[in-house]
Amino acid sequence: MSESPVAPRHVYLVDGSGFIFRAFHALPPLNRADGTPVNAVLGFSNMLYKLVGETDADHIAVIFDASRITFRNRLYDQYKAQRPEAPPELIPQFRIVREATEAFNIAQVEMVDYEADDLIATYARLARAAGAIVTIVSSDKDLMQLVGDGVAMYDPLKQRAIGPDEVREKFGVGPEQVVDVQALCGDSVDNVPGVPGIGVKTAAELINTYGDLETLLSRAPEIKQPKRRQSLIDFAEQARISRALVELKSDVEVPVPLADLGLRPSDPGKLLGFLQAQGFRQLASRVQTRHPGAVPTAAAPMAAPSEAAPSAASSSVAPVAIASDTPQPPAQVEKRYELVQTEADLDRWIARAEAEGVVAFDTETNSLDAVLAELVGISLAVAPGEACYIPVGHVGEAAAGELNLSGAERPPQIPLDTVLARLKPLLEAPAVLKVGHNAKYDIQIFRSYGIEVAPVDCTMLLANTLEAGAHGMGMDELALIYFDYETIKYKDVAGSGKSHKGFAAVPLEAARDYAAEDADITLRLHRLLKPRVGRERMATVYETIERPLMPVVAAMERAGIKVDRAELLRLSADFGERMVDYEKEIHVLAGGPFNIGSPKQLGEVLFEKLGLPGGKKGKNGAYGTDAGILEDLAQTHDLPRRVLDWRQLAKLKSTYADALVEQINPKTGRVHTSYSLAGAATGRLASTDPNLQNIPVRTEEGRKIRRAFVSEPGHVLMSADYSQIELRLAAHVAGIEALKQAFRNGDDIHAMTASQVFGVPVEGMDPMVRRRAKAINFGIIYGISGFGLAQQLSITPAEASEFIKAYFQRFPEIRNYMDETKAFCREHGYVKTIFGRKCHLPGIKDSNPARRAFSERAAINAPLQGAAADIIKRAMIRLPARLAAEGLKARMLLQVHDELVFEVPESETERTIPVLKEVMEGACAPVIELSVPLVVEVGQAHSWDEAH
DNA sequence: CGTTTCACG
DNA sequence: GACGTACGTGAAACGT
1 MSESPVAPRH VYLVDGSGFI FRAFHALPPL NRADGTPVNA VLGFSNMLYK LVGETDADHI
61 AVIFDASRIT FRNRLYDQYK AQRPEAPPEL IPQFRIVREA TEAFNIAQVE MVDYEADDLI
121 ATYARLARAA GAIVTIVSSD KDLMQLVGDG VAMYDPLKQR AIGPDEVREK FGVGPEQVVD
181 VQALCGDSVD NVPGVPGIGV KTAAELINTY GDLETLLSRA PEIKQPKRRQ SLIDFAEQAR
241 ISRALVELKS DVEVPVPLAD LGLRPSDPGK LLGFLQAQGF RQLASRVQTR HPGAVPTAAA
301 PMAAPSEAAP SAASSSVAPV AIASDTPQPP AQVEKRYELV QTEADLDRWI ARAEAEGVVA
361 FDTETNSLDA VLAELVGISL AVAPGEACYI PVGHVGEAAA GELNLSGAER PPQIPLDTVL
421 ARLKPLLEAP AVLKVGHNAK YDIQIFRSYG IEVAPVDCTM LLANTLEAGA HGMGMDELAL
481 IYFDYETIKY KDVAGSGKSH KGFAAVPLEA ARDYAAEDAD ITLRLHRLLK PRVGRERMAT
541 VYETIERPLM PVVAAMERAG IKVDRAELLR LSADFGERMV DYEKEIHVLA GGPFNIGSPK
601 QLGEVLFEKL GLPGGKKGKN GAYGTDAGIL EDLAQTHDLP RRVLDWRQLA KLKSTYADAL
661 VEQINPKTGR VHTSYSLAGA ATGRLASTDP NLQNIPVRTE EGRKIRRAFV SEPGHVLMSA
721 DYSQIELRLA AHVAGIEALK QAFRNGDDIH AMTASQVFGV PVEGMDPMVR RRAKAINFGI
781 IYGISGFGLA QQLSITPAEA SEFIKAYFQR FPEIRNYMDE TKAFCREHGY VKTIFGRKCH
841 LPGIKDSNPA RRAFSERAAI NAPLQGAAAD IIKRAMIRLP ARLAAEGLKA RMLLQVHDEL
901 VFEVPESETE RTIPVLKEVM EGACAPVIEL SVPLVVEVGQ AHSWDEAH
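For the first sequence, full-length UniProt numbering assigns the number 1 to the initial residue and increments by one for each residue that follows.
The structure is reproduced here in structure tokens:
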């Protein structure tokens, strides 16, 4: 292969060996059809694909290690000696990764006796000498010594560049001094000895003081600290050897000249053949999309690529087992989707549904807002592949976006009233199960037409009950995971963004294909998931919590809550005027105008223009400017305080005052949120459009917004909230005796904690001490960490760790709970609440310690947060019926995790309060008897703020 | 479309 | 000893 002698301008050097290890540990196990593990190959291939697609390089090579033994072992026989053998699953992948590089038609280089890093150093030098710039694709710290002067590094996994600043952040010195620092601090991974007792921090300090290693070693006797001085004298030679080990060799006689690394076009057929042979379907299809004509040329004599499961599915839930459970993968069943345009056809489908006893259904509407939405069509599925679409509100195509001047004709459809009249008996028939995906929405739609759909199953809730936390619960995602099937996307039929035309304007055939498929997939999901819920002992959670909650939440959404529009408008104007004042003041303080809302510009003003102390912190090189940082800076300068004031008003104005006015429903004059029942992994609800679970309450300015949430005339808003529910559950679940007793006594729990942990009497306690104890109690619920607590309390991590230690000593049961919960999660991949709800945490086995620790804290929190969610859900299910039975008209409007908000006639408030308390406090019975009491506090007023 | 910030429990 | 920090959410604004 002779390369045209083009002078290199940009050379990419990919650290192949480094990447294989990283990909292997970062990705979940994955096997191709013949059982060969290929997860690292997939990671590697994805990386190359992206790299080749994005790079402007004209020369590129992947560099590998040829063998474990290199010239460095002759310098120091212990070099990399204690490094464990590669895991057996990785070994076969070394070869395949080289095949992958070949398939991409990228040059690859390796050389006996040298590490990949030495070859990279050599090519980098050659490239610079030829006038090219160099990008080293790697995150290996051993390569950082090469950075600078036209050489940069790029971490393909984190997609970030590593330049001199990043190197300085890591080593505390510039790239040219990295070798000296490494010589001192050594490297336990590579078994580079360094000097005992010297870490990165100390090494950087020393090198910054003395300039380089040799100067330091020669002037070692001057060093003040006796221990350090002696180490440097005793281990000077070891430091020199270490330096020789870490310094890369840039004069290797490379086997391939730089000129031969020129970027070559790949052969799409060959690449496709390789990818398909590994079973990398996603990547193969992307290649195919880019090269439509490509035909895979046989690469390996292998069976058809089979279940190398899509990466989305390769979590803790054993996707292969699920897939093998699949009754009929859609691809193999003939699809018969029918357009229903006559009453006779409609009756035929209704009869089929009644005969089956189960029908999947889906509604198409002209709005995502269930309160405003009008029906455009209905789809039904009665058996896999057998589905129909009944259009009722489609308009002529031309009528959609523009004025219907030509009177574009409405396609033939059965009148809506007729369809509804015929469907009503079916949808309300107790003997016919109706199955929807996110059925709450469809229940709402039909309720607005006077149809009470029942009984109903929801495949989104079934999937969530089984696998919350493992993956998303949208239908498209589930179809891909369970059936390996790509659904038609809404935006493909109805457009999106500017070209969105609304479903009513979609031509009937396209609408049929999309809508009928939704019902079809829903039916198939139901056949798969419903039996699993029983088999896997999750029926109680689904049947007693999730399923009965659907109609209750649907009613709350429909009820909505009244907001005082005029008051919100006044607030918006007030906030706006005050913002203008602040803005002027800020610009004066800053010495010129800038966009206060831009963290980037603000950071530059604070830290560069004004030169305030603090500085960079983000991984993206951006300055941090959050409230904590500005609060600290406020001691030094007036500007940060003003920015904090401005930000508060900006937030209140845009997110609340203005947005809520926009959200007032023109039909009802109220605000209707939408609750997501399968959004949060822990079992909590989530509120969207608008989010009514984060209405301000903590500050006086913020509470003005809450004051605009009001009752109808003659009514009050009544707020009932569980006191300390998660801490009570922690006491119960972890069996913390002292905490349980305190709750039984009705003690001030934070004061009690403070008294126990800090050994001070509750009487006359310093509020500061109680505040600390409160933070620790919260920390317990969150899976406490020294760093987190330190940040919360503005103390040092060491002090925080002391507090935690004292807490564990006083309440030893909590430690057991934490350890057992983590162990359970590692074994099963999920944790459970006392009511049996599961929360999956795929990250619990992550090889990255930070991500794993994150999952461990989540594992500790989820059973507590989840049990609290179970309890309030149980109360919500019982309340409407209990209130009705007592002859009370209270309507449940909102849920905010541990609080329920009702609208109550003024004449009934006295009688309503005890009912709310009784049902909510008794919500665990009869399945669970808590060892601590639950306490509910009730308040009432004409606004939500005052009802607290 | 991802990041940053901030509102809530 | 590295990782990069308290748990769970959603919305708005900025800037690429």
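For each residue, glycine too, the CB sits at the ideal point set by N, CA and C.
- Bounds of the alpha helix (DSSP H) holding M768 are 767 to 781.
- Only buried fits D15, as 16 or more other CB atoms lie within 10 angstroms of its CB.
- Below 8 angstroms, enough C-beta pairs join the region 123 to 136 and the region 7 to 24 to call them touching: three or more.
- Given a length threshold of 3 residues, each whole run of the beta strand (DSSP E) inside the region 81 to 115 is given here in chain order: 107 to 109.
- The three-state reading of DSSP puts R281 in helix, counting H, G and I together.
- Where Y449 is concerned, there is no enclosing beta strand (DSSP E), because DSSP gives it neither an H nor an E.
- Counting the other CB atoms within 10 Å of its CB gives D56 a total below 16, which places it among the exposed residues.
- Counting along the chain, no beta strand (DSSP E) covers I481; the unbroken alpha helix (DSSP H) around it starts and ends at 475 to 483.
- Between P92 and P37, the beta carbon gap of about 7 angstroms places them in contact (Cβ cut-off 8 angstroms).
- Selection L426, V901, H672 evaluated against E946 yields V901 as nearest (Cα-Cα).
- If you look at K491, you'll find it in the alpha helix (DSSP H) that goes 490 to 494.
- Per DSSP, the continuous beta strand (DSSP E) segment holding I390 begins and ends at 386 to 391.
- Under the DSSP definition of a beta bridge, K562 partners with R670, V710.
- When the beta-carbon positions are compared, V376 and F503 come within less than 8 angstroms of each other.
- Non-local C-beta neighbours of A869 in its own chain, meaning closer than 7 angstroms and more than five positions away in sequence, comprise T682, G683, R684, ordered along the chain.
- Along the length of the region 4 to 89, whole alpha helix (DSSP H) runs at least 4 residues long occupy 16 to 26, 39 to 54, 71 to 75, reported in chain order.
- Membership of D149 in any beta strand (DSSP E) is not indicated, and neither H nor E is assigned to it by DSSP.
- Counting only runs of 3 or more residues that sit fully inside the region 814 to 891, the beta strand (DSSP E) segments are 830 to 832, 838 to 840, in chain order.
- Here E517 is buried: its Cβ has 16 or more other Cβ atoms, across all protein chains shown, within 10 Å.
- Rounded to whole angstroms, A360 and A429 show a C-alpha spacing of 14 angstroms.
- Of E906, A867, F854, R911, the smallest CA-CA separation from R882 is found for R911.
- For P599, the enclosing alpha helix (DSSP H) covers residues 599 to 604.
- DSSP, read as helix, strand or coil, puts Q940 in strand.
- For F235, no alpha helix (DSSP H) segment is defined, and its DSSP state is neither H nor E.
- In this structure, K141 is the residue among K141, G150, T202 with its C-alpha nearest to the C-alpha of D190.
- Under the three-state reduction of DSSP output, V716 falls in the strand class.
- Listed as beta-bridge partners of I736 by DSSP are no residues whatsoever.
- Only residues of its own chain outside the window of five on either side were considered, and among them L612, P640 have a CB closer than 6 angstroms to the CB of L633, listed in chain order.
- Contact between the region 273 to 291 and the region 232 to 249 is not established, with fewer than three Cβ pairs separated by less than 8 angstroms.
- The beta carbons of D520 and G385 sit closer together than 8 angstroms.
- If you look at P797, you'll find it in the alpha helix (DSSP H) that goes 797 to 810.
- Approximately 5 angstroms separates the beta-carbon atoms of V109 and V256; this is inside 8 angstroms, confirming the contact.
- Note on geometry: alpha-carbon atoms of M579 and L649 lie some 7 angstroms from one another.
- N438 and P551 have their C-alpha atoms some 12 angstroms from each other.
- Excluding the 5 residues flanking it on each side, Q756 has same chain C-beta neighbours closer than 7 angstroms at A738, R810, in chain order.
- The Cβ atoms of I223 and Q177 lie no closer than 8 angstroms to each other.
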